[in-house]
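**Q** Okay, here's the structure, questions in a sec.
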Amino acid sequence: SVDSERVGLYGGSYGGFMSLMAMFRAPEVFAAGAALRPVTDWTSYNHEYTSNILNTPQIDPIAYRRSSPIEFADGLKGGLLIAHGMIDDNVLYQDSVRLFQRLIELHKDDFELAGYPLERHGFVHADSWHDEYRRILKLFDTHLRR
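Structure follows, in structure tokens:
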């Protein structure tokens, strides 16, 4: 049996994007989530990749708005951890910083941004991995354990 008030999720890269969308669009389902190096706004991501799916922001701005977690940040109710490598050259760190600022502007109070100065999109330093998963465990212990 699943206690529906103690469900959490986490994912990295596209999984981080999906974690954000789930936390923001279905806040009644998830008590906590961690988004690792997530795309938060498709308008700032690699347009060569994204245009195959969403066209370009100029051609279809509605598709970009509907697909970008930052547009739904007001839905956050549970605890959220955003973890991102600061020298990520795939999904830029500034994506997570912009979402962090948006959550501040929305007066949300249960979120954290963990930046990793030595990490790109795929973490390679053991200390960074350890810290990231320590934070995820702490998030889940705080929000999911009783």
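Residue numbers for the sequence shown follow the working numbering, so the first one is 240 and each next one is one higher. For each residue, glycine too, the CB sits at the ideal point set by N, CA and C. Note that the structure is predicted; figures quoted are calculated from it, not measured.
1. Identify the continuous beta strand (DSSP E) that holds H323 and give its terminal residues.
2. Please name the residue, chosen from S243, L319, L331, that lies closest to I375 on a Cα-to-Cα basis.
3. Here's a check: name, in chain order, each residue in its chain whose Cβ is nearer than 7 Å to the Cβ of P266, leaving out the five neighbours to either side.
4. Around the C-beta of A365, are 16 or more other C-beta atoms found within 10 angstroms, so that it is buried, or is it exposed?
5. Please classify F221: does DSSP put it in a helix, a strand, or coil?
6. Between the C-alpha atoms of T381 and D328, what's the straight-line distance to the nearest angstrom?
7. So is Y355 buried or exposed if we call it buried at 16+ other beta carbons inside 10 Å?
8. Quick one: is the Cβ of L383 within less than 7 Å of any heavy atom of the ligand GTP?
9. Do A274 and S258 have their C-beta atoms closer together than 8 Å?
10. Look at the alpha carbon of G251 and the alpha carbon of R384, and state the distance between them as a whole number of angstroms.
11. Our contact map puts H360 next to V330 with C-beta atoms below 8 Å; I'd like the distance itself, whole angstroms only.
12. From what residue to what residue does the beta strand (DSSP E) around F350 run?
13. Compare the Cα-Cα distances from D334 to each of V246, L352, R305 and report the closest residue.
14. For a test of the three-state rule: what should DSSP assign to L331, helix, strand or coil?
15. If I measure Cβ to Cβ from A322 and keep anything under 6 Å in the same chain, skipping five residues before and after, which residues do I get?
**A** According to the structure shown:
1. 318-324
2. L319
3. G314, L315, K316, G317
4. exposed
5. Nothing in the structure corresponds to residue 221, since the chain is present only between 240 and 385.
6. 32 Å
7. buried
8. In terms of ligand content, the structure shown is empty, and the ligand GTP therefore cannot be addressed.
9. yes
10. 23 Å
11. 6 Å
12. 350-355
13. L352
14. coil
15. L275, A353, E371
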